[in-house]
Every structure is written in structure tokens, then in C-alpha cells.
Amino acid sequence: MSTTRILETVSRLRCISCAATPDSASQDFRCTTCGDLLEFSFPGWTSDASAFDPAALKSLWQNRRTSRENLDQSGVWRFRELLPHIPNLEEHAITLGEGNTPLYRLPRCARAAGVENLLAKHQGMNPTASFKDTGMTFAASSAHQGKFRWVACASTGNTSASMAAYAARGNMHSLVLIPEGQISWGKLSQSLDYGALTCQLRTDFDGCVQILNDLVRQKPVYLLNSVNPYRIEGQKTAAIELMEQLAWEPPDHIIVPGGNLGNSSAIGKALIEMRALKLISRLPKLSIIQAQGANPFYRCVHEFGGKKLEPMTADTLATAIRIGNPASWKKALRVLQATGGEVEEVSEVEIATAKAEIGADGIGCEPASAVTLAGLKKLRRSGFVKPGEAVVLILTGHILKDPDFTIKFHRGDLFGGTGAGTANDSEVAQAKYLQRAPIVLDANLGAVIAALEAAERNS
Ligand code: F0G
Numbered sequence: 035m036s037t038t039r040i041l042e043t044v045s046r047l048r049c050i051s052c053a054a055t056p057d058s059a060s061q062d063f064r065c066t067t068c069g070d071l072l073e074f075s076f077p078g079w080t081s082d083a084s085a086f087d088p089a090a091l092k093s094l095w096q097n098r099r100t101s102r103e104n105l106d107q108s109g110v111w112r113f114r115e116l117l118p119h120i121p122n123l124e125e126h127a128i129t130l131g132e133g134n135t136p137l138y139r140l141p142r143c144a145r146a147a148g149v150e151n152l153l154a155k156h157q158g159m160n161p162t163a164s165f166k167d168t169g170m171t172f173a174a175s176s177a178h179q180g181k182f183r184w185v186a187c188a189s190t191g192n193t194s195a196s197m198a199a200y201a202a203r204g205n206m207h208s209l210v211l212i213p214e215g216q217i218s219w220g221k222l223s224q225s226l227d228y229g230a231l232t233c234q235l236r237t238d239f240d241g242c243v244q245i246l247n248d249l250v251r252q253k254p255v256y257l258l259n260s261v262n263p264y265r266i267e268g269q270k271t272a273a274i275e276l277m278e279q280l281a282w283e284p285p286d287h288i289i290v291p292g293g294n295l296g297n298s299s300a301i302g303k304a305l306i307e308m309r310a311l312k313l314i315s316r317l318p319k320l321s322i323i324q325a326q327g328a329n330p331f332y333r334c335v336h337e338f339g340g341k342k343l344e345p346m347t348a349d350t351l352a353t354a355i356r357i358g359n360p361a362s363w364k365k366a367l368r369v370l371q372a373t374g375g376e377v378e379e380v381s382e383v384e385i386a387t388a389k390a391e392i393g394a395d396g397i398g399c400e401p402a403s404a405v406t407l408a409g410l411k412k413l414r415r416s417g418f419v420k421p422g423e424a425v426v427l428i429l430t431g432h433i434l435k436d437p438d439f440t441i442k443f444h445r446g447d448l449f450g451g452t453g454a455g456t457a458n459d460s461e462v463a464q465a466k467y468l469q470r471a472p473i474v475l476d477a478n479l480g481a482v483i484a485a486l487e488a489a490e491r492n493s
């Protein structure tokens with residue numbers, strides 16, 4: 035059966051606020067009528083959803099797992115029926131075999147959180163070690179199709195690493211704007227090796243975004259931040275792949291970190307579309323977790339009833355989500371409301387503790403990803419998540435993205451600083467039992483055996 039007979043994919047750009055439907059997007063991906071964000075809609079899906087055969091789509095995607103074709107081997111392009119069409123795709127697709135990420139059971143974390151059924155979809159197992167690759171393969175391919183010479187982004191480090199890699203693979207130049215001194219070395223080193231022009235600006239992430247927006251209005255540079263709706267479409271596939279891994283039986287809860295709020299918007303959009311296409315029978319609740327020091331969306335929902343988002347100066351050791359003015363807050367609010375999810379905020383010590391707990395399950399992740407487990411614990415305590423409910427955490431970045439944070443935590447140095455690095459002593463003491471500082475010994479067998487025996491006694 036041909037793919038077009040299974041599902042006809044006609045997409046259209048639409049403004050999320052005024053519903054304008056421009057034929058093409060402007061350089062800053064903002065609606066030229068009202069200035070709000072654009073998204074892709076698929077008019078045919080809702081008008082004629084009953085004509086589609088969900089089982090045929092599922093088996094088409096399943097069969098592609100054994101295909102030798104480049105696109106079929108990607109965990110993004112394998113689901114291309116649910117993505118907008120890119121003309122002459124074979125010529126323009128830039129793929130590094132992204133997606134196809136594992137779904138792990140987290141038994142120790144489940145006990146710590148007080149739930150029986152806890153899974154983690156580890157998007158840090160992507161080619162550049164973060165979830166950004168799923169959106170980047172799609173948006174970078176669209177830049178290539180548009181014959182752009184330069185692509186650019188503002189970033190807290192993962193978007194830039196991913197963009198630089200995909201630009202390099204597609205023979206495009208990339209410009210990275212990052213806040214000076216506020217991103218991890220691991221992420222910075224990636225964009226250097228992948229050949230980006232890397233500018234460390236003396237501002238924060240939100241300041242970098244402003245300059246980038248002004249730049250793309252003046253220069254023929256393709257914007258690859260998550261306001262670019264192609265990024266959102268690619269990132270949808272994490273949720274599609276997750277449902278496939280769960281045999282299309284949705285969990286009760288999906289929990290994601292919230293920064294610029296593109297990822298939560300993408301996962302929510304995928305869930306809503308899969309429900310409309312009868313690929314799944316019900317919607318999981320999608321909850322979003324922010325760091326307390328970077329919580330504009332939490333405040334938007336809990337203080338302002340979702341009516342407005344007040345930008346703030348953000349501060350957290352989870353530098354990936356140190357964002358005070360999230361671009362996609364209206365999209366995220368919509369999916370929160372559609373799925374009945376919650377927004378939580380978690381402290382620095384809660385983040386560090388949760389990160390070490392995920393590590394102790396043999397998985398590991400970067401600090402921003404660990405807000406999911408920290409948030410789950412709070413949602414359990416508030417009763418929003420019930421002990422018997424199935425929960426999936428979306429881990430967004432790899433443990434090796436930010437080894438500085440990890441080493442400082444285990445040495446007990448993480449909370450000695452100022453700003454986000456301050457925490458009260460009793461909270462810090464609660465995390466002590468997870469700390470495993472390296473020990474320096476003389477090079478003799480007796481010393482090592484003594485250390486082993488001491489560890490055994492304490493275990
Ligand atoms: N987790 C990690 C590891 C991230 O890098 C980010 C965002 C998020 C979570 C939050 O996702 O912004 O879609 O809500 N990083 C961006 C960057 C902003 O530039 O790398 P979001």
C-alpha cells in the first residue's frame with residue numbers, strides 16, 4: 035500500500051493567536067499580522083480522520099525498522115507521514131540517525147518517588163546527546179531546501195551543539211549565540227568541533243534571543259530556535275516513538291522539563307494529533323517542571339491563571355533551562371490545558387538529588403532533565419500522580435553534557451556559591467547519602483582493600 039493512501043499529509047502554516055494562514059514564514063517565524071508564533075496544521079486530518087487506517091500506519095512505521103534506507107533508519111523520518119512535506123526530500127534531508135532512543139525502567143527512582151511504574155525515555159541518547167537532534171534534523175533540512183548558506187540560533191548549549199552538527203553535515207555555515215560563562219563546557223566544546231562560528235555574548239539566554247531576532251530581520255540567516263515550527267514538528271516524533279514503544283498504550287503521565295517550552299509544546303502537539311488520528315485512544319497528562327529560579331511559566335499558571343507571562347531574570351545551576359522569557363509559553367499552555375497536566379517548580383537541591391538518583395539507576399542525565407523526577411516527587415506528594423499510575427519522564431540530555439555539576443555535587447561543592455548555588459544546610463544534608471566523592475589513596479593494595487571493606491560495611 036502506498037503511504038499517501040494511508041494518510042494524505044497536507045500541511046499549512048497557521049498563527050496560534052489570530053489564525054492567519056500565511057503561504058510562507060517570515061525570517062523570524064512570527065505572524066506578520068499579529069506577531070505571535072506560527073505552527074503547522076494538517077487540515078485533512080481532522081476533516082476526514084475516519085478515512086485513515088491507524089493500523090496500516092503503525093505497521094508501515096514498524097516495517098521501516100528493518101529498512102536499509104537512510105530516512106527509514108532515522109527515528110524522526112520514519113514517522114514522516116505525521117510531518118509536513120519538504121519538497122525534494124531525498125536531496126535535502128540531513129540525518130545523523132537521530133531518534134530511536136531507549137525507554138528505560140527506573141526501579142530505584144520509582145521507589146524514591148512512590149510510584150510502581152516509572153519509565154524514562156532518554157532523549158540524551160541522540161547523536162549530539164540531547165533531544166534537540168529530533169527537531170534539528172527536520173528544521174536543518176528545511177534550511178537546506180531553502181538554499182540558506184547560514185543558519186543560526188541562540189542557545190543554552192544543546193540547541194547550538196545540535197545545530198552546529200547538522201549544519202556541518204549539510205554543508206551550511208552556523209552561527210551560535212550563547213550567554214558568556216553560563217553554558218557547560220561540554221556543550222560549548224561540541225559547537226567548536228562541529229565548526230560553528232561561536233559568539234559568547236555578555237548577556238543571558240534571553241538577551242541572545244533578542245539579538246538573534248534582530249539579526250535575522252537584516253541578514254539572510256535561517257533561524258533555528260524552537261520558534262521555528264519545523265523544529266517543533268521534528269520534536270513531535272519523540273512522543274510518537276514513545277507510544278510505539280508502549281505498544282500504543284499511553285501512560286497516565288508524561289513529565290518534561292520546561293525552559294523555552296518548545297519541547298513540551300511539541301510532545302503535547304504529537305499527543306493531540308495522535309489522538310485525533312486514533313493512533314492512541316486517550317491523552318496522557320503532560321506535566322511541565324521548571325527550576326524555582328527560572329520559573330516564569332510556573333508563575334504564569336499559578337499566579338496569573340495563564341493570562342500572562344511575566345519575564346524574569348533566570349538563575350539556576352541547571353543552565354540548560356536558565357530561561358526567563360520562554361517563547362513558546364502559549365503553545366505549552368494550550369497542551370497543558372488539553373491534556374490536564376500540571377506545572378511544578380523544584381529547588382536546586384531537589385534537582386541535584388534527583389539527578390544522582392537517576393544516576394544510581396545506572397542511567398544518568400544532565401541537570402535540566404532531572405527536574406522531571408524532582409517534579410514527579412512533588413506531584414506524588416500533592417496527590418496529582420497516584421501510586422498505581424504509569425509515568426514516563428522525558429530525559430532531555432546526556433549525563434556527560436555537564437560533568438562539572440556532577441563532580442561538584444559528589445564532592446559536596448555544588449552549593450557553596452552565590453545565587454542559584456545557595457541552599458539551606460538542612461536541605462543540602464538530605465542529599466548527602468547520594469554523594470560518592472572520589473578518594474585519593476597511596477598506590478598500595480592494603481589501602482584499596484581497606485577502602486573496599488569500609489564501603490562494604492557502610493553499604
Ligand atoms: N532540557 C535540556 C537538556 C535542554 O537543553 C533544554 C533547552 C530543555 C530541557 C528545555 O526545553 O526549551 O524546549 O522547554 N535547551 C535550549 C537550548 C533552550 O538552547 O539548548 P525547552
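For the sequence shown, our numbering gives the first residue as 35, with consecutive numbering after it. Backbone N, C-alpha and C define an ideal beta-carbon position, used for all residues, glycine too.
When every heavy atom of the ligand F0G is checked, does at least one fall within less than 6 Å of the C-beta of residue i?
{"i": "residue 409", "result": "no"}
{"i": "residue 348", "result": "no"}
{"i": "residue 193", "result": "yes"}
{"i": "residue 291", "result": "yes"}
{"i": "residue 431", "result": "yes"}
{"i": "residue 294", "result": "yes"}
{"i": "residue 189", "result": "yes"}
{"i": "residue 297", "result": "yes"}
{"i": "residue 402", "result": "yes"}
{"i": "residue 355", "result": "yes"}
Less than 7 Å between C-beta atoms, sequence neighbours within five positions excluded: which residues of the same chain meet that for residue i?
{"i": "residue 376", "result": "321, 413, 418"}
{"i": "residue 202", "result": "228, 229"}
{"i": "residue 38", "result": "Reliability fails at residue 38, whose pLDDT of 43 lies under 50, so the model's placement of it is uncertain and no value is given."}
{"i": "residue 421", "result": "148, 149, 150"}
{"i": "residue 245", "result": "211, 235"}
{"i": "residue 167", "result": "130, 132, 160, 161, 196"}
Since residue i and residue j are thought to touch, with beta carbons under 8 Å apart, how far apart are those beta carbons, to the nearest angstrom?
{"i": "residue 106", "j": "residue 40", "result": "So it is not a contact: roughly 15 Å between Cβ atoms."}
{"i": "residue 71", "j": "residue 59", "result": "So it is not a contact: roughly 10 Å between Cβ atoms."}
{"i": "residue 286", "j": "residue 405", "result": "Between residue 405 and residue 286 the Cβ distance is about 19 Å, and since that is not below 8 Å, they are no contact."}
{"i": "residue 351", "j": "residue 455", "result": "6 Å"}
{"i": "residue 360", "j": "residue 344", "result": "The Cβ separation is near 11 Å, so there is no contact."}
{"i": "residue 465", "j": "residue 382", "result": "Wrong, their Cβ atoms sit about 10 Å apart, outside the cutoff."}
{"i": "residue 233", "j": "residue 210", "result": "7 Å"}
{"i": "residue 468", "j": "residue 391", "result": "7 Å"}
{"i": "residue 43", "j": "residue 115", "result": "6 Å"}
{"i": "residue 165", "j": "residue 324", "result": "Incorrect: roughly 17 Å between the Cβ atoms, too far for contact."}
Just to confirm my understanding: we take residue i, look at its own chain, exclude 5 residues before and 5 after, and list those with CB closer than 8 Å. What are they?
{"i": "residue 5", "result": "Residue coverage of the chain in this structure runs from 35 to 493, which leaves residue 5 outside it and unanswerable."}
{"i": "residue 338", "result": "344"}
{"i": "residue 279", "result": "137, 155"}
Quick one: residues in its chain with C-beta nearer than 6 Å to the C-beta of residue i, no 5 flanking neighbours on either side, listed in chain order?
{"i": "residue 195", "result": "162, 221, 224, 225"}
{"i": "residue 298", "result": "290, 292, 322, 366"}
{"i": "residue 36", "result": "Any reading at residue 36 must be qualified, since the residue scores a pLDDT of 42, below 50, and its modelled position is unreliable; no value is offered."}
{"i": "residue 144", "result": "152"}
{"i": "residue 189", "result": "212"}
{"i": "residue 236", "result": "214"}
{"i": "residue 484", "result": "none"}
{"i": "residue 394", "result": "142"}
{"i": "residue 487", "result": "none"}
Quick one, are the C-beta atoms of residue i and residue j less than 7 Å apart?
{"i": "residue 75", "j": "residue 46", "result": "yes"}
{"i": "residue 110", "j": "residue 271", "result": "yes"}
{"i": "residue 318", "j": "residue 289", "result": "no"}
{"i": "residue 186", "j": "residue 255", "result": "yes"}
{"i": "residue 204", "j": "residue 128", "result": "yes"}
{"i": "residue 311", "j": "residue 95", "result": "no"}
{"i": "residue 247", "j": "residue 431", "result": "no"}
{"i": "residue 264", "j": "residue 172", "result": "yes"}
{"i": "residue 281", "j": "residue 305", "result": "no"}
{"i": "residue 119", "j": "residue 178", "result": "no"}
{"i": "residue 409", "j": "residue 378", "result": "yes"}
{"i": "residue 11", "j": "residue 399", "result": "Because the chain spans 35 through 493 in this model, residue 11 falls outside it and cannot be assessed."}
{"i": "residue 444", "j": "residue 402", "result": "no"}
{"i": "residue 362", "j": "residue 257", "result": "no"}
{"i": "residue 372", "j": "residue 348", "result": "no"}
For residue i and chain C, any beta-carbon pair shorter than 7 Å?
{"i": "residue 369", "result": "Going by chain labels, chain C is absent from the structure shown, which holds only one protein chain."}
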